[in-house]
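Following: one structure in structure tokens, then a few remarks.
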Amino acid sequence: MLGVFADGVPVGMAALRARDFPVVREVSTWSWLGLPHHGQGLGTAARVGLLSLAFDHLGARYARSEVFQDNHASQAISRRLGYEPDGISVDARGAQSLISDRLRLTRESWLQQDRPAVTVSGLARCLPLFGLPASD
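Under the numbering used here, read the sequence shown as residues 9 to 144, first letter to last.
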């Protein structure tokens, strides 16, 4: 779980998760931003940071995300970053049952994109959390 900050103020959260990562090499991402911070590029920046960590530093082959069909902003970010449809899932939002789009991004698609540079520091100590050997 990572914090999303704007001018030093926490405005949301983002997470990168994986199961059996050393074998599967697939991550899933999610993020949440407070409503006053939508439309400022922060969601895109958070997702780019997570994907850079996954693909450029951990060696992921795939990234998945699930997006409520009525979350047009998140859908747009996913399309802009190269995610492709990968089915649906059914989720609960309160007492409602909603269909979410399941999306997948491949490493190949990620590597073909122009994107801002991302700096990752302190990774060596976190590698075991992904089932990878720690590096010096």
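C-beta atoms are modelled at their ideal positions from N, C-alpha and C, and glycine is treated no differently.
{"query": "Helix, strand or coil for residue 73, going by three-state DSSP, please let me know.", "result": "strand"}
{"query": "For residue 118, which residues in the same chain have their Cβ closer than 7 Å to its Cβ, ignoring the five residues on either side in sequence?", "result": "59, 63 and 90"}
{"query": "With DSSP as the reference, label residue 6 as helix, strand or coil.", "result": "Residue 6 cannot be examined here, being either before or after the span of the chain that is shown, 9 to 144."}
{"query": "What residue does the alpha helix (DSSP H) around residue 128 start on, and which one ends it?", "result": "Careful: residue 128 lies outside any alpha helix (DSSP H) and carries neither H nor E."}
{"query": "Taking the straight line between their C-alpha atoms, what separation do you get for residue 107 and residue 101?", "result": "10 Å"}
{"query": "From residue 67 to residue 51, what distance separates their C-alpha atoms?", "result": "23 Å"}
{"query": "Give a yes or no on whether the C-beta atoms belonging to residue 35 and residue 26 are separated by under 8 Å.", "result": "yes"}
{"query": "Can you give me the Cβ contacts of residue 96 inside the same chain, cut-off strictly under 7 Å, excluding the 5 residues immediately before and after it?", "result": "107, 108, 109 and 110"}
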